[in-house]
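There are 2 protein chains.
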Amino acid sequence: MSLSSQPYKGTRDYYPEQKRIQNYIFATWRRVSERYGYEEYGAPTLEPLEVYAAKSGDELANEQTYTFTDRGGRIVAIRPEMTPTISRMVAAKRQELAYPARLYSVANFMRYERPQRGREREFWQLNVDVFGLDEVTADAEIISMADALMKEFGAKDKDFVIRINNRQLVNFIMVQYLGLDETQAHLMVKLFDRKDKIAEAEFNDQATEILGSNAKEGLAKLQSLMNAKKVSDLPTEIKTSLAAVELNEVFELLDLADVKSVKFDLTLMRGLDYYTGTVFEVFDTDSDNNRSVLGGGRYDGLVGMFGAEPISAVGMAQGGTTIENFLDVHNLLPNLASTTDIYIVVLGGAQKAANKLAKHLRSEGVNVELDTTDRKLDRQIKTAVKKNIPYILFIGDDEVRDEIYTLKDTASTEEQKIGFSRIVSLIRDRRRTASDNDIPDLD
Amino acid sequence: MSLSSQPYKGTRDYYPEQKRIQNYIFATWRRVSERYGYEEYGAPTLEPLEVYAAKSGDELANEQTYTFTDRGGRIVAIRPEMTPTISRMVAAKRQELAYPARLYSVANFMRYERPQRGREREFWQLNVDVFGLDEVTADAEIISMADALMKEFGAKDKDFVIRINNRQLVNFIMVQYLGLDETQAHLMVKLFDRKDKIAEAEFNDQATEILGSNAKEGLAKLQSLMNAKKVSDLPTEIKTSLAAVELNEVFELLDLADVKSVKFDLTLMRGLDYYTGTVFEVFDTDSDNNRSVLGGGRYDGLVGMFGAEPISAVGMAQGGTTIENFLDVHNLLPNLASTTDIYIVVLGGAQKAANKLAKHLRSEGVNVELDTTDRKLDRQIKTAVKKNIPYILFIGDDEVRDEIYTLKDTASTEEQKIGFSRIVSLIRDRRRTASDNDIPDLD
Numbered sequence: 008m009s010l011s012s013q014p015y016k017g018t019r020d021y022y023p024e025q026k027r028i029q030n031y032i033f034a035t036w037r038r039v040s041e042r043y044g045y046e047e048y049g050a051p052t053l054e055p056l057e058v059y060a061a062k063s064g065d066e067l068a069n070e071q072t073y074t075f076t077d078r079g080g081r082i083v084a085i086r087p088e089m090t091p092t093i094s095r096m097v098a099a100k101r102q103e104l105a106y107p108a109r110l111y112s113v114a115n116f117m118r119y120e121r122p123q124r125g126r127e128r129e130f131w132q133l134n135v136d137v138f139g140l141d142e143v144t145a146d147a148e149i150i151s152m153a154d155a156l157m158k159e160f161g162a163k164d165k166d167f168v169i170r171i172n173n174r175q176l177v178n179f180i181m182v183q184y185l186g187l188d189e190t191q192a193h194l195m196v197k198l199f200d201r202k203d204k205i206a207e208a209e210f211n212d213q214a215t216e217i218l219g220s221n222a223k224e225g226l227a228k229l230q231s232l233m234n235a236k237k238v239s240d241l242p243t244e245i246k247t248s249l250a251a252v253e254l255n256e257v258f259e260l261l262d263l264a265d266v267k268s269v270k271f272d273l274t275l276m277r278g279l280d281y282y283t284g285t286v287f288e289v290f291d292t293d294s295d296n297n298r299s300v301l302g303g304g305r306y307d308g309l310v311g312m313f314g315a316e317p318i319s320a321v322g323m324a325q326g327g328t329t330i331e332n333f334l335d336v337h338n339l340l341p342n343l344a345s346t347t348d349i350y351i352v353v354l355g356g357a358q359k360a361a362n363k364l365a366k367h368l369r370s371e372g373v374n375v376e377l378d379t380t381d382r383k384l385d386r387q388i389k390t391a392v393k394k395n396i397p398y399i400l401f402i403g404d405d406e407v408r409d410e411i412y413t414l415k416d417t418a419s420t421e422e423q424k425i426g427f428s429r430i431v432s433l434i435r436d437r438r439r440t441a442s443d444n445d446i447p448d449l450d
Numbered sequence: 008m009s010l011s012s013q014p015y016k017g018t019r020d021y022y023p024e025q026k027r028i029q030n031y032i033f034a035t036w037r038r039v040s041e042r043y044g045y046e047e048y049g050a051p052t053l054e055p056l057e058v059y060a061a062k063s064g065d066e067l068a069n070e071q072t073y074t075f076t077d078r079g080g081r082i083v084a085i086r087p088e089m090t091p092t093i094s095r096m097v098a099a100k101r102q103e104l105a106y107p108a109r110l111y112s113v114a115n116f117m118r119y120e121r122p123q124r125g126r127e128r129e130f131w132q133l134n135v136d137v138f139g140l141d142e143v144t145a146d147a148e149i150i151s152m153a154d155a156l157m158k159e160f161g162a163k164d165k166d167f168v169i170r171i172n173n174r175q176l177v178n179f180i181m182v183q184y185l186g187l188d189e190t191q192a193h194l195m196v197k198l199f200d201r202k203d204k205i206a207e208a209e210f211n212d213q214a215t216e217i218l219g220s221n222a223k224e225g226l227a228k229l230q231s232l233m234n235a236k237k238v239s240d241l242p243t244e245i246k247t248s249l250a251a252v253e254l255n256e257v258f259e260l261l262d263l264a265d266v267k268s269v270k271f272d273l274t275l276m277r278g279l280d281y282y283t284g285t286v287f288e289v290f291d292t293d294s295d296n297n298r299s300v301l302g303g304g305r306y307d308g309l310v311g312m313f314g315a316e317p318i319s320a321v322g323m324a325q326g327g328t329t330i331e332n333f334l335d336v337h338n339l340l341p342n343l344a345s346t347t348d349i350y351i352v353v354l355g356g357a358q359k360a361a362n363k364l365a366k367h368l369r370s371e372g373v374n375v376e377l378d379t380t381d382r383k384l385d386r387q388i389k390t391a392v393k394k395n396i397p398y399i400l401f402i403g404d405d406e407v408r409d410e411i412y413t414l415k416d417t418a419s420t421e422e423q424k425i426g427f428s429r430i431v432s433l434i435r436d437r438r439r440t441a442s443d444n445d446i447p448d449l450d
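Residue numbers (the working numbering), protein chains in the order written: chain A, 8 to 450; chain B, 8 to 450.
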């Protein structure tokens, strides 16, 4: 009986063609993170389950984790997210780290969910976090980076909107302004979270039920809240609260930083229980792909859970498949060639010389695949074309004698006769052009 | 009660300082793999357990895997190695792939073992494999790459030795030459595998026991085998076998490719059951670290297990911590600075201008961390130094007025007055020098 050749349900095999796209996404993530002075870290795949039970929310911890007992009796989970892990790491080196600590990672996660477009059981994520900044400059910096990230991928301001809210503001509204008790507040938060997914009448019905005896006054108050396009549109007693003032400062800082696609959204909650202040989420404005493509917020309480003095934190995360779908919908995925520069096609008895040439080219940093099969010419060429390798070099007895080779541009099929040194400079120029595209020219 | 801040047993937290070293190792792996025309792929963390049960050997599949039953009742394992996965992937796209398929990956794995120096429960590995080449050119290519990899890390020929053997040759010797039955052959292979770890007398005692009635003749034969330094030193009936002829060809090809540190070693077995031909392993020659730092071989039977027509394969793998320890022992670990180019220290009320400068520098591709804390000068500088950021830029009212900034080299503490464009060119030159070190100059 033979084994199945399919990947485990909800996971992907990344063949070179798909891996190129993923590497393009990873490189963009790293470039933007490093441009803001964030440094990369890495972390274990497994954590004790209790790390998630405490603050990630019941659904994530109880229903979606890949949990098991290891051979030593420890109850562990494959990480479903990074925030608890990086908080643990910061707690472990609380004294040794330099603050503010600006940290990022590119890592894989698993969640037991029903697989569907843009949702996989195993997925890759960028996580960017700054630790040790109480001030809203941190919130603004992280949101600016979210904007920069979208732009670096080629998105325009009109392609996305960054919705921003504040958890303390929501708490203030629930308790101080609407006068709800804990149960009512909890239900109202859940209702706010669903607002975009249900009709207005249904929202009002459910709100009435939650508000109980205060329904009439409460509904009127809710109406005025929902009409607020800016923090300054909120009723005076709300907009003078500390949370509202801070949220307003975030918008001002984003304006100074030239971040345009922002929107105040009192219904934005974000699922995770650990957020304590600013929350934000970037949505695709395309009506066919009206999805969240990035999210984050402030979570000042998490490091303190690991036995260290509390330390403030703001972070964000973006999923690899999420951004890939966004780029696909917006036609922003680049056409990526192979990492191999040259495929050497060998004619007749030139194998030994071809070996030498390949070795020499490699010693100059050129990426060379050498055909060692002695197959017919057209089959060798077909391999190079199928692999999307930019150049094909032909070597036969004449080429060995003259030390001049035929180099074919695989895409244009143009050919040129070329010597060793010129091949090397051609490849170096091509690489340099590609990497200069990452570093824009001086104006 | 607070949660533990320690990582899961046998796993590592990679803080930026450790992550830089890991990234250096990953970059070297990728550079060498791509230089030989290998393309990167990615794969799921989980596989059905049965994938390992079949061919990886009992110890790995039954005792060392992280195995559990998922919420859908599937028995899965966190991958303990890559070979079965990449074989599965090749089987799944048997028709679509271009051959020879040259593939590599950098990925993490888990094995439930007792953690010790150089052995972790979670570890990272380079895997390099070529599919679709029956000829020994493939074996020689992979071994040449192993040599190139060690050299790229800065190792000299004297620092390592590549021991090479052939599984078919071992089978031939056991059955044809020594006339052993299956049980005897199995025991003898295990004994060969342990030869370097036990005294000669013990080896002889155990061999005598296995050989039984033929002990005298068998021991003499074994003696002559162990004395063979080269394939050609073997008794005629062995060295004319197909396996010996092929092994000899591998050595000849390696000689042509200028691979010097090779050694024929009839006792090299490699633990995994799937090898079918050449096996090899690179050992540190340092007596303090006499360890295996890389291994591989031919495994022609694995793809066929996944319902596809068989396809030949040769591969190798190297562990991240293994090579890190090697580089450490041989003093080959480079001194790695932060990925951040410049830390901006802000004096007095220059925060707004500093923000603008940071934004402008970033738009030119410079990696900038901006201090937004309004702390005292010395505390800001301390952060930059602690993070090993190469340059510190000071900005205060004078600098804002003159648009000339003080730039300090963190290592040498030398300072210069410098304008915007010159900062950008300085950083670009520094980056280019670093990347040119990867691409050696034309001679």
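Note that CB positions come from ideal geometry on N, CA and C, so glycine has one too. The structure presented is a predicted model; accordingly, all values stated were derived computationally and were not measured.
Item: Straight-line gap, A:K204 to A:T274 (C-alpha atoms, nearest Å); Value: 11 Å
Item: Collapsed DSSP secondary structure at A:I149 in the structure displayed; Value: helix
Item: A:L232, DSSP secondary structure in three states; Value: helix
Item: Chain-ordered chain A contacts of B:D77 [CB-CB under 8 Å]; Value: Y73, Y119
Item: Whole-angstrom distance between B:E159 and B:I446, CA atom to CA atom; Value: Reliability of the predicted coordinates at B:I446 is poor, the pLDDT of 47 falling under 50, and the value obtained from them is presented with this limitation in mind. Roughly 11 Å between the two C-alpha positions.
Item: For B:A324: DSSP bridge partner residues; Value: B:N134, B:G302
Item: Environment of B:T74 [buried if 16+ CB atoms lie within 10 Å]; Value: buried
Item: Short CB-CB distance (under 8 Å) between B:S231 and chain A; Value: no
Item: Straight-line gap, B:L185 to B:E256 (C-alpha atoms, nearest Å); Value: 24 Å
Item: Neighbour-count burial assignment, B:A227, 16 or more Cβ in a 10 Å radius; Value: exposed
Item: Contact with chain A by B:A315, beta-carbon distance below 8 Å; Value: yes
Item: Cβ of A:D20 within 8 Å of any chain B Cβ; Value: yes
Item: In DSSP terms, what A:T52 is bridged to; Value: Note: A:T52 sits in no beta bridge, so no partner.
Item: Within the segment 46–129 of chain A, ranges of the beta strand (DSSP E) (whole runs, at least 3 residues); Value: 53–55, 73–76, 82–85, 108–117
Item: Coarse secondary structure for A:V353, derived from DSSP in three states; Value: strand
Item: Span of the alpha helix (DSSP H) around B:E253; Value: 249–263
Item: C-beta neighbour in chain B for A:L249, strict 8 Å; Value: no
Item: Residue environment, B:D20, which counts as buried when at least 16 other CB atoms sit within 10 Å; Value: buried
Item: Between the CA atoms of B:S428 and A:N69 - distance to the nearest angstrom; Value: 54 Å
Item: Identity of the residues DSSP links to B:E207 by a beta bridge; Value: In the DSSP output, where bridge partners are listed per residue, B:E207 has none listed.
Item: Reduced DSSP secondary structure (H/G/I, E/B, other) of B:F160; Value: coil
Item: Selection of the segment 91–105 of chain A by Cβ proximity to chain B, strictly under 7 Å; Value: R95, M96, A98, A99, K100, A105
Item: Test item: CB-CB of B:P55 and B:I82 under 8 Å; Value: yes
Item: Within chain B, the residues that A:N374 reaches when beta carbons sit closer than 7 Å; Value: E41, R42, G44
Item: B:N374 versus A:L364: straight-line alpha-carbon distance, rounded; Value: 38 Å
Item: Enclosing alpha helix (DSSP H) for A:T18 [first to last residue]; Value: It is not in any alpha helix (DSSP H) - A:T18 carries neither H nor E in the DSSP assignment.
Item: Opening and closing residue of the alpha helix (DSSP H) in which A:R408 lies; Value: 404–409
Item: Nearest candidate by alpha-carbon position, reference B:R408, set B:E288, B:T283, B:E422, B:G426; Value: B:G426
Item: B:S419 to B:V392 span [Cα, whole Å]; Value: 12 Å
Item: Whole-angstrom distance between A:D272 and A:G284, CA atom to CA atom; Value: 14 Å
Item: Touch test, the segment 198–215 of chain B against the segment 313–322 of chain B, Cβ-Cβ under 8 Å, three pairs minimum; Value: no
Item: Residues within the segment 291–303 of chain B neighbouring chain A, beta-carbon criterion of under 7 Å; Value: none
Item: Contacting positions in the segment 115–149 of chain A - beta carbon closer than 8 Å to chain B; Value: N115, M117, Y119, E129, L140, E142, T144, A145, E148
Item: Short-range partners of chain A found in the segment 308–338 of chain B, where Cβ spacing is below 7 Å; Value: M312, F313, G314, A315
Item: Rounded straight-line distance, which links the Cα of B:V286 to that of B:A145; Value: 12 Å
Item: Span of the alpha helix (DSSP H), counted from its first residue to its last, around A:I425; Value: That residue, A:I425, is in no alpha helix (DSSP H); its beta strand (DSSP E) goes 422–426.
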